[in-house]
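Single-structure report; data block below.
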Amino acid sequence: AASEAKRLKAAGRYADAAEQYAAALRFGHPNKAACYGKRADCLGRVGRLEEALADFSMATRLQPSSGAHLAGKAYALKLLGRPKEAIAAAAASVACGNHPPAEALHAQLLRETRVDQLVKCASDTTADAEADYAADEAD
């Protein structure tokens, strides 16, 4: 099942590949962490993000030092709109060492979070200024 899953994934048939990785897990594939991680990747590619996150979480429980699984978890969290958790997962992936995609994702998440904070701050400041102006006009 795992070799069929690999073939399907390479062909871009991610939903079918996810099914085959599930079968490999049911049949007792010896590397469960890899199967969960690869199935998570396939699920994420077809938009099944909650399931992908669950599989990446299982993969990291089975193999806590896998930077790739932690990076996948971070990306799924990012896509689910959970930036703080995504940053933590990406930081954990970077800490595992030598995983350039995790380093790039971590840096991107930090930049996006800073930009969001700056936009919110500017928005709050603008709203405060408009309220002050309206109060002055009312006087």
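Numbering (our numbering), first residue to last: 123 to 261. Every residue gets a Cβ at the ideal spot worked out from N, C-alpha and C, and that includes glycine.
Three-state secondary structure (DSSP) of F178: If DSSP states are grouped into helix, strand and coil, F178 belongs with the helices.
Under DSSP, the alpha helix (DSSP H) around Q185 begins and ends at which residues? Here Q185 belongs to no alpha helix (DSSP H), and DSSP marks it neither H nor E.
Between A229 and A212, what straight-line distance do the alpha-carbon atoms span, to the nearest angstrom? 9 Å
Under the assumption that G189 contacts H151 (Cβ atoms under 8 Å), give the Cβ distance between them as a whole number of angstroms. Actually they do not touch by this definition, with Cβ atoms about 21 Å apart.
Given a threshold of 16 other Cβ atoms within 10 Å of its Cβ, counted over all protein chains shown, does A132 qualify as buried or as exposed? exposed
Compute the beta-carbon to beta-carbon distance between Y143 and K160, rounded to the nearest angstrom, for a pair I have assumed lies under 8 Å. 5 Å
Minimum C-alpha distance to A224 - residue among P205, K195, R204: K195
Report yes or no: is there a C-beta of chain B within less than 8 Å of the C-beta of E173? Protein chains in the displayed structure number just one, and chain B is not present.
Take L171 as the anchor and find which of G203, L147, A156 has the nearest alpha-carbon. G203
Backbone CA spacing between F149 and A123 [nearest angstrom]: 8 Å
Does DSSP put R170 in a helix, in a strand, or in coil? coil
Rounded to the nearest angstrom, how far is the Cβ of A146 from that of A127, given a contact under 8 Å? Contact check for A146 and A127: beta-carbon distance about 6 Å, within the 8 Å limit, so the pair qualifies.
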